[in-house]
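These protein sequence lines map, in sequence, to chains A and B.
Under the numbering used here, the first residue of the first sequence is numbered 3, with each subsequent residue one higher.
Under the numbering used here, the first residue of the second sequence is numbered 1267, with each subsequent residue one higher.
Every residue, glycine too, gets a C-beta built ideally from N, C-alpha and C.
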Amino acid sequence: MPESHQKAPPAGEGGLPGVFERLVEEHYQPAYRFAFSLCGNHNDACDLAQQAFFLAQTKGHQLRDRSKAKQWLFTILHREFLGMRRHATAHPQTSMEFSEPELPHITVDNAASIDAKTALAVLQTFDTNFKAPLVLFYLEQLSYKEIAESLEIPIGTVMSRLARGKAMLRERLERKRTEQSGKIVPLHPDTARARRDG
Amino acid sequence: MDKETVKLLLASYLPQDAEDPIFAEALREVAGDPALAAWFEESQRFDAVMTAKFRDLAVPHDVKGHILLGAGASSRWSRHWVQSLGALAALLILGLICWRFLAPRRAGDALALQAIHFTEEMPPLQFVCFDAGAVANWINKQPGARQMKLALPKPPASLSMAMIGSSVVNWNGRPVVMIALQNGKRMAMLYILSDADAAALQGGSSGTIERGDWVVRSSHSDGQVRLLTTKGNREDLDFPAPF
């Protein structure tokens, strides 16, 4: 269900009168989804969201524009995720942007037939540089400017990563779909064509 | 604008961005190029599908509780910190109020305590006489008391305490008239000093205090402060004042 369609519990049902509790009430779902998209599992996502809200609570005075509370929360969450990842591995992940051969893209109809769990699993194979903008774009419908603010990266970088990320997503979804259907996926269309012709 | 640039730009396009000038030229290119238009339409459909997919991600019920639980320690600490600050502020305010309103009382108490201390010492009377009028005359002739211009009317016949003598003593350089009163075995001392001297001695407020075996009633009238002191409690001071 889209976030905007979800109603906050009425006052008294849950008794969340404080500013912080309201922040949690309003944004815990998108924050969790973003965290889950970054981490790929419930436990880490829960801890990451918790840590982000914890920091938001302690840094609440830094938020000047309450209308940007969600973006601000995403920024904190993303920073924390990057920090956690730096601690988790001594070697930062390398982007697969240029290492992947060009694969066929999934069609819209085939994409529609893939279940959400599989789509999210495919997203987990992405480097954070591409995953984070894609999640904010698809999940939260944030504009490129809002994504740039949330992730603290230039607008041009956001646009570039969204374009490349979408292309990679369509490629990997297609590969996943064909794997699931038992088909052999050619490494490269030209290679496959050459083998077939030759 | 070449097609690759159009595709790069429009990959960031959301329906609510239709008015954003950064997309204007790219959208114009799309409108004039059927191949680009087809690509764009298909791209928009793909975006809609993926948005729906990602939004299918259910948020477990325990997430909010987990977040609030994690923040709870900080929240509790913050609340505790704020409460401590609040309590400290309240104490400071209370202290200021006490200082502001009770300081005179404390000073008055200081004067009363001086009276108790002086009575405990029981200095010898300079003038001993059971005639109240004679005592009053003697007092008015004393250098320190003359400046005080004590108005000592004759005590009423109903006065239960008899005047037995007087002294003019010195409290930190300020003249104080001391009058000894007696009723049977009970003795009392009445100390009289001017308002100005009482103020200089940081006293002058009215009231009754009890300290140990002693009780002092301070009163204020006619520009004078009077301290009636005796051993006992408040009830023991319940007799008509001689002046």
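Does the Cβ-Cβ distance between residue i and residue j come in under 8 angstroms?
i, j, result
"ALA1446/B", "GLY1431/B", "yes"
"LEU40/A", "ALA113/A", "no"
"ILE155/A", "LEU138/A", "no"
"ILE1288/B", "LEU1302/B", "no"
"ALA33/A", "ALA51/A", "yes"
"ALA1378/B", "SER1484/B", "yes"
"GLN1490/B", "SER1433/B", "no"
"VAL1482/B", "LEU1493/B", "yes"
"VAL1435/B", "PRO1389/B", "yes"
"PHE1320/B", "LEU25/A", "no"
"GLN143/A", "LEU1280/B", "yes"
"GLU82/A", "LEU65/A", "no"
"GLU1291/B", "MET1267/B", "yes"
"THR1474/B", "LEU1456/B", "no"
"GLY172/A", "ILE108/A", "According to the sequence provided, residue 172/A is Arg. The question's Gly does not apply to it. Closer than 8 angstroms, so yes."
"THR1495/B", "ALA1381/B", "yes"
Where do the N-terminal and C-terminal ends of the alpha helix (DSSP H) with residue i fall, by residue?
i, result
"THR180/A", "157–182"
"ALA1428/B", "Premise fails: ALA1428/B lies in the beta strand (DSSP E), 1428–1437, not in any alpha helix (DSSP H)."
"GLN31/A", "21–41"
"VAL124/A", "118–125"
"SER115/A", "110–115"
Identify whether residue i lies in helix, strand or coil by the three-state DSSP scheme.
i, result
"TYR146/A", "helix"
"ASN1449/B", "strand"
"SER97/A", "For SER97/A, the predicted model reports a pLDDT of 43, less than 50, meaning its position is unreliable; a value from the coordinates is still stated below. It is coil, neither helix nor strand."
"GLN59/A", "helix"
"GLN1408/B", "coil"
"PHE1393/B", "strand"
"MET1388/B", "coil"
"SER1460/B", "strand"
"PRO1441/B", "strand"
"ALA1277/B", "coil"
"ALA1454/B", "strand"
"ALA47/A", "helix"
"PHE128/A", "coil"
"MET1467/B", "In the sequence as presented, Met is not what sits at residue 1467/B; that position holds Leu. Three-state result, LEU1467/B: coil."
"PRO135/A", "helix"
How should residue i be labelled, buried or exposed, when 16 other C-beta atoms within 10 angstroms of its C-beta is the threshold for buried?
i, result
"LEU1362/B", "exposed"
"ASP1313/B", "buried"
"ARG88/A", "exposed"
"ASP1463/B", "buried"
"ARG1477/B", "exposed"
Please list the terminal residues of the continuous beta strand (DSSP E) segment that includes residue i.
i, result
"THR1474/B", "1473–1477"
"ARG1483/B", "1480–1487"
"THR1496/B", "1490–1497"
Shorter than 7 angstroms, the distance from the beta carbon of residue i to the closest heavy atom of the ligand GTP, or not?
i, result
"ASN1436/B", "Ligands in the displayed structure: none, and consequently the ligand GTP is not present."
4-residue-minimum alpha helix (DSSP H) runs that sit fully inside the segment 1281–1322 of chain B, ordered along the chain: 1287–1297, 1300–1321
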